[in-house]
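Undergrad: Residue numbers (my numbering), protein chains in the order written: chain B, 401 to 725; chain G, 401 to 725.
Below is a structure I'd like to ask you about.
2 protein chains.
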Amino acid sequence: MSYYVGIDLGGTNIKAGVVDGEGKLLNKLSIKTNADRAMEDIIHDMGKLAADAIKDAGFEVKDIEAIGIGSPGTPDNEDGLLVYSSNLPFNNAPMRKLIREVIDLPVYIDNDANCAAMAEAVAGAAKGTKESVTITLGTGVGAGVIVRGRIYSGFNQAGSEFGHTVLVSGGVQCGCGRKGCFEQYASATALARMTKEAAAEHPESLLNEVYKEFGEWNAQIAFVALKKGDKVAADVVDMYTSYLADGLANAINAFMPEILVVGGGVCNEGDPLLIPMREKTMSRPYFGPGVPKTRIELAQMGNDAGIVGAAMMGKSCVDDGMNGI
Amino acid sequence: MSYYVGIDLGGTNIKAGVVDGEGKLLNKLSIKTNADRAMEDIIHDMGKLAADAIKDAGFEVKDIEAIGIGSPGTPDNEDGLLVYSSNLPFNNAPMRKLIREVIDLPVYIDNDANCAAMAEAVAGAAKGTKESVTITLGTGVGAGVIVRGRIYSGFNQAGSEFGHTVLVSGGVQCGCGRKGCFEQYASATALARMTKEAAAEHPESLLNEVYKEFGEWNAQIAFVALKKGDKVAADVVDMYTSYLADGLANAINAFMPEILVVGGGVCNEGDPLLIPMREKTMSRPYFGPGVPKTRIELAQMGNDAGIVGAAMMGKSCVDDGMNGI
């Protein structure tokens, strides 16, 4: 068996662990990112955390094939750079070079949403398939595409920005500059906005009572009020799942994955979300008679997706003979 | 140099020719499809046309590596079938088997829009790139995606149906069953509809005069009236190019191709279409600073795209060691 280190770089925490060749996570360490530091300091700490993780798992550096890094933003895996990140102070950051000053292993870099998709494809909901798409419903809408067992992110490694495909032409302004992006209708943030708007229109709705329990407009309120029988909440969930399904069906028609993996905190709502999401999505795509249909599955890798996916991305680069030095 | 036969199966005509390994078309023959015949007769005629094309080009069967077929609908290239076509009477049609009853060569099958994309990638507007998307604006909106130099059509070979991704949620009813598909806003048919609607709203518009010259509502009328200075026509073209650009930007954000190829009869309108299409599309996608941008190019392969692309799809299958027998 061969072993890899996965590093999950986030705005708050840096996590790292050793992962075996089948995507099994052996251990996990975490430190604070302290994102207001100099870029060099953050990256050096990533290298040290990788070294610590190797030791903590009972291995030596020579037992490890490569380090894979999952980061927000757009990587350049050929030159070992993080070209751009909207969340971190990195501009053409020489990640490979700086990590290798700390630890002598090949280093590969990809986007965090792509790594999450790789984790699901190797060891999660899309295990055993060659073509899958993983959509994560969080603050935004993340998307990762696996084609022939490899991350597909376009010629510039900037894709897939499926969350920034327009679903409602001329609709809600998105932070990316476009109007009506899928993200503005399917993220947890979008559901919170829809809930707040419906509550304002319907002062009698239970939404306003449930809001007081939370103290903020979030993606859970509509589901709590729905369970209590609130009609306005049911309408909000119906509207949200309709937009969500329209966007998921778009992803199916664009990519025709064997499995469409859906994850993110919203999915914890269970059947009240999942049943209409599945039914509406599958009623929309464009399959001819006799043509195999995409299946929709829940993400399985949870918080470990970042580390496992980064490590398995690293493995795929080693397997493909990519230069990581 | 190795040689291939490409067959372009259409609802009206079947075309075939010999193509060299670099995508150069050496000759071209054509017969009527007569689509109301038995499926077996059509496919046998395709085999005979391939044999005739080989002879006509001065070759023998042994000089040819493979036959590639581009067909409307969803193929199963593993088993050599056409699973489904909305335009032709083919249901799980055993194309490989029937062609091979006529001519002893490996046979490969793919969708016609995918073959057009392959032609542009090998010998046309996207030559030299590994990642491209070709969008064809015709009666519908066709899409073909090239990933790592190969057609990408999903796990079921049914993709990419990018024309059937929703751009205007709840919008114009599409033949696929969804509402607001890109195809309903960017096809030549869509432009004709927008023109007709604007003319009815504005009886004073020149659109109504130009219509009389054509005798039907088509995609040219708005551009003819625009050149004569008609304000309503300018609004129609502005609306059409805005929707078109929104959908093209979606394709960029989804696939991040090095080149996005746009083709179809509408493109013959030249600058009045192309300038706003390019400007609006490039103002929309989501590239971070320093990230290489997709380029937009006009399709170059014209009517030969089907034959050349089918042949080059066949070549890629041979190169990948796929079984075509």
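Each residue gets a CB set at the ideal place from its N, CA and C atoms; glycine is no exception.
Bear in mind that the values here come from a model prediction, so they are computed numbers and not experimental data.
Counting only beta-carbon separations shorter than 7 Å, does B:L567 have a partner in chain G?
TA: So, interface residue.
Undergrad: Would you say B:G690 reaches chain G, if we count a Cβ-Cβ gap shorter than 7 Å as a contact?
TA: Output row for B:G690: interface = yes.
Undergrad: So, helix, strand or coil for B:G447, using DSSP?
TA: It is helical.
Undergrad: What residue range does the alpha helix (DSSP H) around G:R437 cover?
TA: Premise fails: G:R437 is in no alpha helix (DSSP H) and is neither H nor E.
Undergrad: Does the CB of B:G554 have a neighbour CB from chain G at under 7 Å?
TA: Output row for B:G554: interface = yes.
Undergrad: If we ignore side chains and look at the alpha-carbon of each, how far apart do G:A451 and G:L426 end up?
TA: Their Cα atoms are separated by approximately 14 Å.
Undergrad: My parser needs the alpha helix (DSSP H) runs of 4 or more residues fully inside the segment 480 to 533 of chain B; what are they?
TA: You should have 495 to 500, 512 to 523.
Undergrad: Looking only at its chain, what residues have a beta carbon closer than 6 Å to the beta carbon of G:V718, apart from the 5 residues adjacent to it on each side?
TA: Contacts found: E465, A466.
Undergrad: Using CA atoms only, rank isn't needed, just tell me which of G:P494, G:M639, G:F655 is closest to G:I443.
TA: Selected option, being the one with the closest Cα: G:P494.
Undergrad: Could you have a look at B:D720 and say whether DSSP puts it in helix, strand or coil?
TA: DSSP places B:D720 in coil when its eight states are reduced to three.
Undergrad: If we define contact as Cβ-Cβ less than 7 Å, is B:G549 a contact residue for chain G?
TA: No, its Cβ sits nowhere closer than 7 Å to a Cβ of chain G.
Undergrad: Report the partner residues of B:T474 according to the DSSP bridge assignment.
TA: B:T474 is bridged to B:Y484.
Undergrad: Using only the alpha-carbon positions, how far apart do G:D476 and G:D510 sit?
TA: Between G:D476 and G:D510, the C-alpha separation is close to 8 Å.
Undergrad: With 9 Å as the limit, tell me which residues of the segment 636 to 648 of chain B have their beta carbon closer than that to any beta carbon of chain G; keep them in chain order.
TA: Of all residues in the segment 636 to 648 of chain B, S642, Y643, D646, G647 have a Cβ within less than 9 Å of some Cβ in chain G.
Undergrad: When you compare only the Cα positions, how much space is there between B:A625 and B:A649?
TA: Cα to Cα, B:A625 sits roughly 27 Å from B:A649.
Undergrad: Would you mind stating whether G:S402 and G:G423 have Cβ atoms separated by less than 7 Å?
TA: Their beta carbons are not under 7 Å apart, which means G:S402 does not touch G:G423 by this criterion.
Undergrad: Taking CB distances under 7 Å as the criterion, tell me whether B:M656 reaches chain G.
TA: Yes, because at least one Cβ of chain G sits closer than 7 Å to the Cβ of B:M656.
Undergrad: What in chain G is Cβ-close to B:Y686, meaning under 7 Å?
TA: Those within 7 Å of B:Y686 in chain G are E561, H564, C576.
Undergrad: When the cut-off is 7 Å and only beta carbons count, does B:N618 lie next to chain G?
TA: B:N618 does not count as touching chain G.
Undergrad: Could you spell out the range, first to last residue, of the alpha helix (DSSP H) harbouring G:Y585?
TA: Counting along the chain, the alpha helix (DSSP H) containing G:Y585 begins and ends at 583 to 586.
Undergrad: Residues of chain G with CB closer than 7 Å to the CB of B:N492, please, in chain order.
TA: Per Cβ cutoff of 7 Å: G690.
Undergrad: For a minimum of 3 consecutive residues, which ranges assigned as the beta strand (DSSP E) are wholly contained in the segment 640 to 694 of chain B?
TA: For the segment 640 to 694 of chain B, whole beta strand (DSSP E) runs of length 3 or above, ordered along the chain, are 659 to 663.
Undergrad: Who does G:Q573 pair with in a DSSP beta bridge?
TA: Answer is G:K579.
Undergrad: According to DSSP, is B:E465 helix, strand or coil?
TA: Here B:E465 sits in strand by DSSP.
Undergrad: Note down, in chain order, each residue of its chain lying with its Cβ closer than 6 Å to the Cβ of G:V636, except the 5 sequence neighbours on either side.
TA: Hits under 6 Å: M594, T595, A598, A622.
Undergrad: Do G:Y643 and G:Y585 have their C-beta atoms closer together than 7 Å?
TA: Taking 7 Å as the Cβ cut-off, G:Y643 and G:Y585 qualify as a contacting pair.
Undergrad: For G:Y611, would you say it is in contact with chain B, using Cβ-to-Cβ distances shorter than 7 Å as the test?
TA: Taking Cβ atoms only, chain B never reaches closer than 7 Å to G:Y611, which makes this a no.
Undergrad: Are the C-beta of G:N487 and some C-beta of chain B separated by less than 7 Å?
TA: Cβ-Cβ to chain B under 7 Å: no for G:N487.
Undergrad: Under a three-way DSSP split, which group does B:G702 fall into?
TA: Helix, per DSSP.
Undergrad: Which residues share a DSSP beta bridge with G:V708?
TA: G:V708 pairs with nothing; no bridge assigned.
Undergrad: When DSSP labels each residue in this structure, what does G:R550 get in the three-state scheme?
TA: Note: G:R550 maps to strand in three-state DSSP.
Undergrad: Taking the alpha carbon of G:W617 as the point to measure from, which residue in G:E604, G:A600, G:V662 has its own alpha carbon closest?
TA: Here the closest residue by C-alpha is G:A600.
Undergrad: Determine the contact status of G:Y404 and G:G706, defining contact as a CB-CB distance below 7 Å.
TA: Their beta carbons are not under 7 Å apart, which means G:Y404 does not touch G:G706 by this criterion.
Undergrad: Grouping DSSP H, G and I as helix and E and B as strand, with all else coil, what is G:K415?
TA: Strand at G:K415.
Undergrad: Which whole-angstrom value is the C-beta distance of B:A710 and B:G559, which I expect to be below 8 Å?
TA: With 8 Å as the limit, B:A710 and B:G559 do not qualify as a contact, their Cβ atoms being about 18 Å apart.
Undergrad: Going by DSSP, what residues sit across from B:K432 in a beta bridge?
TA: According to DSSP, B:K432 bridges with B:N413.
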